[in-house]
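Chains as they are written, first to last, in the working numbering: chain E, 875 to 1229; chain V, 875 to 1229; chain S, 875 to 1229.
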Amino acid sequence: MEARFALPPGTGQTSAARVLDDWYVVCRSRDLGRAPRALTVVGLPLAFFRDGEGRPAALLDRCPHRNVPLSGGKVADGCLECPYHGWRFDGGGACRRVPGLAGEAESPARAARAFSCVESDGYVWVWPGEGPPDREPFRFPHLGEPGWAVAHDAFETVGTLHAVAENALDVPHTAFLHRGLFRGTGKTNELEVVVRRYGDRVEAEYIGEPAPRGLVGRLLAPGGGMVTHFDRFILPGIAQVEYRLSDRAHLVVSSALTPVDDQRTRLFAVVAFRLPLPAWLVRPILQPIARGIFKQDARILALQSATIERFGGEEFVSTELDALGAHIRSLLKQAERGGERKAGEAKERRFRMRA
Amino acid sequence: MEARFALPPGTGQTSAARVLDDWYVVCRSRDLGRAPRALTVVGLPLAFFRDGEGRPAALLDRCPHRNVPLSGGKVADGCLECPYHGWRFDGGGACRRVPGLAGEAESPARAARAFSCVESDGYVWVWPGEGPPDREPFRFPHLGEPGWAVAHDAFETVGTLHAVAENALDVPHTAFLHRGLFRGTGKTNELEVVVRRYGDRVEAEYIGEPAPRGLVGRLLAPGGGMVTHFDRFILPGIAQVEYRLSDRAHLVVSSALTPVDDQRTRLFAVVAFRLPLPAWLVRPILQPIARGIFKQDARILALQSATIERFGGEEFVSTELDALGAHIRSLLKQAERGGERKAGEAKERRFRMRA
Amino acid sequence: MEARFALPPGTGQTSAARVLDDWYVVCRSRDLGRAPRALTVVGLPLAFFRDGEGRPAALLDRCPHRNVPLSGGKVADGCLECPYHGWRFDGGGACRRVPGLAGEAESPARAARAFSCVESDGYVWVWPGEGPPDREPFRFPHLGEPGWAVAHDAFETVGTLHAVAENALDVPHTAFLHRGLFRGTGKTNELEVVVRRYGDRVEAEYIGEPAPRGLVGRLLAPGGGMVTHFDRFILPGIAQVEYRLSDRAHLVVSSALTPVDDQRTRLFAVVAFRLPLPAWLVRPILQPIARGIFKQDARILALQSATIERFGGEEFVSTELDALGAHIRSLLKQAERGGERKAGEAKERRFRMRA
Chain E
875 MEARFALPPG TGQTSAARVL DDWYVVCRSR DLGRAPRALT VVGLPLAFFR DGEGRPAALL
935 DRCPHRNVPL SGGKVADGCL ECPYHGWRFD GGGACRRVPG LAGEAESPAR AARAFSCVES
995 DGYVWVWPGE GPPDREPFRF PHLGEPGWAV AHDAFETVGT LHAVAENALD VPHTAFLHRG
1055 LFRGTGKTNE LEVVVRRYGD RVEAEYIGEP APRGLVGRLL APGGGMVTHF DRFILPGIAQ
1115 VEYRLSDRAH LVVSSALTPV DDQRTRLFAV VAFRLPLPAW LVRPILQPIA RGIFKQDARI
1175 LALQSATIER FGGEEFVSTE LDALGAHIRS LLKQAERGGE RKAGEAKERR FRMRA
Chain V
875 MEARFALPPG TGQTSAARVL DDWYVVCRSR DLGRAPRALT VVGLPLAFFR DGEGRPAALL
935 DRCPHRNVPL SGGKVADGCL ECPYHGWRFD GGGACRRVPG LAGEAESPAR AARAFSCVES
995 DGYVWVWPGE GPPDREPFRF PHLGEPGWAV AHDAFETVGT LHAVAENALD VPHTAFLHRG
1055 LFRGTGKTNE LEVVVRRYGD RVEAEYIGEP APRGLVGRLL APGGGMVTHF DRFILPGIAQ
1115 VEYRLSDRAH LVVSSALTPV DDQRTRLFAV VAFRLPLPAW LVRPILQPIA RGIFKQDARI
1175 LALQSATIER FGGEEFVSTE LDALGAHIRS LLKQAERGGE RKAGEAKERR FRMRA
Chain S
875 MEARFALPPG TGQTSAARVL DDWYVVCRSR DLGRAPRALT VVGLPLAFFR DGEGRPAALL
935 DRCPHRNVPL SGGKVADGCL ECPYHGWRFD GGGACRRVPG LAGEAESPAR AARAFSCVES
995 DGYVWVWPGE GPPDREPFRF PHLGEPGWAV AHDAFETVGT LHAVAENALD VPHTAFLHRG
1055 LFRGTGKTNE LEVVVRRYGD RVEAEYIGEP APRGLVGRLL APGGGMVTHF DRFILPGIAQ
1115 VEYRLSDRAH LVVSSALTPV DDQRTRLFAV VAFRLPLPAW LVRPILQPIA RGIFKQDARI
1175 LALQSATIER FGGEEFVSTE LDALGAHIRS LLKQAERGGE RKAGEAKERR FRMRA
C-alpha cells in the first residue's frame, strides 16, 4: 500500500538518544516493596524486585524459558518467580529452581539477564548498560544540610529526554506558556546570559535578572531584588535549575530524567530549598504550582511529539535564545556513541535576551 | 517478525491520488471565525485562520521553531501565535515576533510554509500545491439564480476520493443499497447510457430513464415521467448529479470532495434546486433523506476500505455498468502526474443497462 | 524515524506456522444458520454460509467487484449476495447475478474464490488450501459409543497455534499455574515419561503417575490410584489429553485448534468421558473448571505473546520437561513446507520428571 501522506518524507531526525552506560532513577526506594514492578528504562522492559537481603535487583522482563514477563510473578525465597512454570531467578539472574526437573536447576543458558541496581539518596537507580558501572549515581545537592528542606515529586510525559530537558531549562517559554503562574507580563529588562559548556554538562547563568514575578516569584522573593540564576544539564539526564537571592532564599530543583523509550520520559523532581518560610508551609504551596507548570509543559510536549511523528522527524529552527537545547543534544549524542566526558575547561558564549 | 497473513501479498494498488495543484473546499466561510482550525487536506496538516483583514490563511501546522502545531495557539494582531514560545506568523507565513529576542524577528529561516487560500461561493478553499494557483475554484451552478434555492450539508467518510466519487455517481448501487429510499424495486426498463470523456471531466447521460421511484422520486417528480439525468466528475473532486423533469423540476447536487489523506474524504454537498414545492418545505424533507443515503454509503465505503487494507490493495472486476469509475481513476492519476487538462473533443461510448 | 527500543533486534523467530492444506474447525454445525458468518482462518478472511441444499460453503470474504466483504450481505436463493451492488455467488463461488447488467452474469473473472467446506462430528470444517482435500477431517474419539458422554466448549485466545497446543499438553505448568484447581501441591513422585514421535503426531505417556489431586482429580478419581495418561498432538492442530483409571473412569479431551492468524487461535474442546458419575452431574461441574483453567492459560498466553512481540521474536530455553513443544513445532514447520506425514515407526525417548 502507498504511504498516507502528501508530505515529503521528513528529516528522519529525532533528538532521542540511547545512553545506556549510566545511572537512571527507577523509582523512590519506598515504592519498591514486596511485589515486583515492571518498568521500562531506555526501551528495556525490566522487572524490579528486592532480593533476600532487601537489595534492589533488575532482570530483563522475560523468562528465558517461555518468554512470559517475570514481573507478572511474585517474589519467593528472595527470587523472582515466573508465573507460568515457576522458574525462580535470584538478583544476579541465576536460575535457582525449575519445578519438576529431576536434575540441577542452575545453568548459564537458563539465566535471566541482570542489570546493576543500587539505592542512593532515597531512590532506586539502574544501569541499563552491560556494566559493570564505572561511576556513582548523581547526588542531589543539599540533601540533609542544615537549614535545607526537600520536596519530591514525579511525572511522566510524552517526549524525548532531550525535549523534556530543553523544556525544563528553557527560559523564554516560561514567560509565555506559564504566563502569570511563573513569570509576569510586566515590563521587560535586558539581561546577559553566559553559557558554559563542559565535557559532561552545560550551564547557563543569567546576569542582571530581577526576581521572578508571578506567583512563584512572590513565594521565593517577597521583597523582589536581583537573583543568581543557573540552568544546568548534566549527563545522562539531570536538569537543574538554581535560584539564589543573596542570603534570603536558595532553591535548587534537580530533575532526574529517565527515558522510558525514545518517545516517553519520566521526571523525578527533587526540590532542595532554604527559604525564609518554614518547609511545612512551602511544600503545600509548591506542589500545586509545580504540578500546574508540569501539566502545561506535558501538554505542549505531547503536541510537539505527535507533530514530529506526523512529519517524520524533527525540523527545528533555533535562535540564540535556545541557549541549551543544541548543547544538550550534542552531549547526549556524544554519550550515546560512548564518547569521553572529561569535565575540563569550559567553552563560554555570551548573549543578551529580553525578559 | 513474520507477516500476519496467509494471504498472498495484495496488488499494492489503491485508487488514492494526490492531486495537489488544485482547489479544495476546507469548510464553509462561516465556520472559520476567530479561532484557528486544524484541518488536514491531501495529507497536509494545515492551520487555518483569518488574518488582520479577515482573509482566510493557511499555514503548515507546525511551528518552525520547536515543531508544536500552530493550530493549538491563538490569533493575535492578525497573526497566528504558537502556544509554546509565542512566535507569531502572518497570513503569508512570515515570522513577525519572537518574544525575548533582542534582534529582528523576521527571517526567511523562521517562516512557516503558507498555502493559497480564498473564499468563493460561501466556502473557504485551499490550494495544497506549491502554487501560485493558475485557475479559479469550481463555481457551484445556479447559486443565486432566480427561482433556484440551495441547501448545504457536509460529511466525512473513510474511503479514497476515488471510491467516494465513484459511489456518489454510481447508478446500480442505488437500486440495491438504497432500495426503497432512493429507487424502487418495481419493474425494470432498459435505458441507454452515453459516457463522454473530456480532458478534465467525464459525464454519463442516461436516456430513457423513468422518473426515479421511491421517496426521492416522489418528491422530485410527483407525476412520474421521463427524466434528463447526468452524472459528472470534474477534477479534482467534484461529483455532480443533475436531474431535470422538463420544466417542472430541476436539481443539481454538486459534491465537492476533499481528501483528508489517502484513506479519508470530506464531502461538501451543495444542492441547487428549482422545484414545484417551496424551498422551506423541500429542505427539511431533503436533509434526512440525504443523510440516510450518506450513512448507508459511508458504512459500505468503510467496509470496502478496511477490506482493501486487509487484502493489501484493490483488486476490482468491472462491468460496463461501472460507467465512470475507471475514467475517474485515470483522470485523477493523470492529474497527479501533472498532466494537461484540455477540455477538447469528448470521447463517447454507449451501452445499455437495466434499471 | 528511528526504532523505539534500546533492545538489540530480536530473533525474528516465531512458532507461527501456516499449514493451509488441512481441515480446521470453523464452528459447531448448529452455529451456522441462515445468516452468513465472517471468520478468519489461518489469516484468510472467509465468509461462511449455507447454500440452497443447506451445505456449508466458504468464500474469500471480498466481493470481486468492489472489494466489499460478502459476509456483510445476506443469503438469497442459496447464494451469498454482496451488500453493495447485489452481486450473487453460489457455494462454488460462481457469480450468478449482476443487477442491472443486460448480458450474462456468470464469468470466470467475476467468480469469488471458494474453499472446501464439510460437516463432520457436528462441526463445520474448512480446508484453507487450494484443494481438493486429500483426506477426511479428524474424527473425535468415543462420540456416540455406549457408556460415553460428551461436552463441548469453545474459546479464543491470543497466541500461536503452537503456543496454545504446547500449553494444552504441558504438564509442569499445571502444577504451578493451576495449583489447587488442577493439581495439588502435596508431596512429589518421580514418574517416567515416554515420548513417541510419528510422522503426523507426537505423544507423551506418563508412567507411574498417581491420580491427579486437586478438584479435577477428586472428580475423576475419588479413590485416587494410578492413572494411564497420554498427551498427544496430531497435525494440523489437535491437542489431546487422555486419562484412564482402570475401568472406573476414562476421559479424552480433544481440542481442535484453529489459527485465526499468526497471533490468535480458536480452541474447540470436545470432552468425551465415561465416569462413575452421571453425565448430567459431570457437565455442570466440568464446565466452570475448564473455563477457570482456560482463563488462567489465556492470560499467560497473552502475556507471552505480547512479550515475544515486544522483544521481536521468540527466544526459548527448554529442558527435558518440555516434552512436546519442540516436536509440535517441527511437525508444524514440516507440514507448512508441505512435507509428507507417513505415520511409520515411532522414535521413542524416555526421561524422568517429578510431579
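Where is the CB? At the ideal position from N, CA and C, for every residue including glycine.
Other residues of its chain near residue i: CB distance less than 6 Å, five sequence neighbours each side excluded
i, result
"A994(E)", "The identity of residue 994(E) in the sequence shown is Ser, whereas the question assumes Ala. These residues qualify, in order along the chain: P1011."
"G952(E)", "D925 and G926"
"A891(V)", "L1206, K1207 and E1210"
Length of the line joining the Cα atoms of residue i and residue j
i, j, result
"V1127(E)", "V1144(E)", "6 Å"
"P957(E)", "L1206(S)", "27 Å"
"R940(S)", "E1189(V)", "8 Å"
"A1229(E)", "F1050(E)", "11 Å"
"T1059(E)", "R1053(E)", "Its pLDDT being 47, under 50, T1059(E) is placed unreliably by the model, and the measurement read from it follows with that caveat. Near 7 Å, if we compare the C-alpha coordinates of R1053(E) and T1059(E)."
"R987(S)", "P943(S)", "13 Å"
"V1032(E)", "N1041(E)", "12 Å"
"G966(V)", "R929(V)", "11 Å"
"D1027(V)", "Q1161(V)", "8 Å"
"E1222(E)", "I1159(E)", "37 Å"
"T1139(S)", "I1112(E)", "47 Å"
"G1018(S)", "D935(E)", "48 Å"
"S1129(V)", "T1062(V)", "28 Å"
"P882(E)", "S889(E)", "20 Å"
"G886(E)", "S945(E)", "34 Å"
"E1219(E)", "V1101(E)", "26 Å"
"S1192(V)", "H959(S)", "12 Å"
"V1038(V)", "R904(V)", "25 Å"
"A1172(E)", "Y898(E)", "20 Å"
"D1008(E)", "A1200(E)", "27 Å"
Outcome for residue i when other beta-carbon atoms lying within 10 angstroms are tallied against a minimum of 16
i, result
"E1083(E)", "buried"
"R1119(S)", "Here residue 1119(S) turns out to be Leu, not Arg, going by the sequence shown. That one is buried."
"W1154(S)", "exposed"
"T1310(E)", "This structure cannot settle anything about residue 1310(E), because the visible part of chain E is limited to 875 through 1229."
"T1132(V)", "buried"
"G1182(V)", "Residue 1182(V) is actually Ile in this sequence, not Gly. With 16 or more other Cβ atoms within 10 Å, it is buried."
"D1121(V)", "exposed"
"G947(E)", "buried"
"D1135(E)", "buried"
Sequence-distant residues of the same chain with beta carbon closer than 8 Å to residue i, five excluded per side
i, result
"V949(V)", "R908, A909, P910, F923, R924 and E955"
"E1214(V)", "G1073"
"R1013(V)", "S994 and D995"
"C969(E)", "P938, W961, R962, F963, A979, E980, S981, R984, A985 and A986"
7 Å CB neighbourhood of residue i in its chain, flanking five on each side removed
i, result
"I1174(S)", "L1051"
"H1016(V)", "W1022, V1126 and A1146"
Chain B within 9 Å of residue i, Cβ atoms only
i, result
"D935(V)", "Given the protein chain composition of this structure (E, V and S), no chain B is represented."
At what residue ranges does the stretch 880 to 944 of chain V contain a whole run of the beta strand (DSSP E), taking only runs of 3 or more? Fully enclosed beta strand (DSSP E) runs of no fewer than 3 residues occupy 898 to 902, 911 to 915, 918 to 924 and 930 to 934 of the stretch 880 to 944 of chain V, in order along the chain.
So if I threshold CB-CB distances at 8 Å, which residues from the stretch 943 to 962 of chain V count as touching chain E? If the cut-off is 8 Å between Cβ atoms, the stretch 943 to 962 of chain V has P943, G946, P957, Y958, H959 and G960 near chain E.
As an exercise, report each continuous beta strand (DSSP E) stretch of at least 3 residues that is fully enclosed by the stretch 1113 to 1156 of chain V, in chain order. Listed in chain order, the complete beta strand (DSSP E) runs (minimum 3 residues) inside the stretch 1113 to 1156 of chain V are 1123 to 1133 and 1138 to 1148.
Residues, ordered as in the chain, of the stretch 966 to 987 of chain E that lie near chain S by beta-carbon distance below 8 Å: Listed in sequence order: V972, P973, G974, L975, A976, A983 and R984.
Uninterrupted beta strand (DSSP E) stretches inside the stretch 1009 to 1075 of chain E (no shorter than 3 residues): The stretch 1009 to 1075 of chain E contains these whole beta strand (DSSP E) runs: 1023 to 1032 and 1064 to 1071.
Which residues of the stretch 892 to 920 of chain S have a Cβ closer than 7 Å to any Cβ of chain V? Give them in chain order. Taking 7 Å as the Cβ-Cβ cut-off against chain V, the residues of the stretch 892 to 920 of chain S that qualify are R892, L894, V916, G917, L918 and P919.
Every unbroken alpha helix (DSSP H) inside the stretch 1169 to 1229 of chain S [4 residues or more]: Those alpha helix (DSSP H) runs which fall completely within the stretch 1169 to 1229 of chain S and span 4+ residues are 1199 to 1210.
Residues from the stretch 1115 to 1143 of chain E in contact with chain S, defined by Cβ distance under 8 Å: So the list reads D1135, D1136 and Q1137, given in the order they occur along the chain.
When Cβ atoms are compared, which residues of the stretch 997 to 1016 of chain S fall closer than 9 Å to chain V? Of all residues in the stretch 997 to 1016 of chain S, P1002 have a Cβ within less than 9 Å of some Cβ in chain V.
Of all the residues that make up the stretch 1163 to 1189 of chain V, which are near chain S by a beta-carbon distance shorter than 7 Å? Listed in sequence order: I1174, L1177, Q1178, T1181, I1182, R1184, F1185, E1188 and E1189.
Using a Cβ-Cβ cut-off of less than 7 Å, list which residues of the stretch 1032 to 1047 of chain V approach chain S; keep chain order. The stretch 1032 to 1047 of chain V vs chain S, Cβ under 7 Å: P1046 and H1047.
What are the residues of the stretch 1063 to 1082 of chain S that lie near chain E, defined by any Cβ-Cβ distance shorter than 9 Å? Answer set for the stretch 1063 to 1082 of chain S: E1064.
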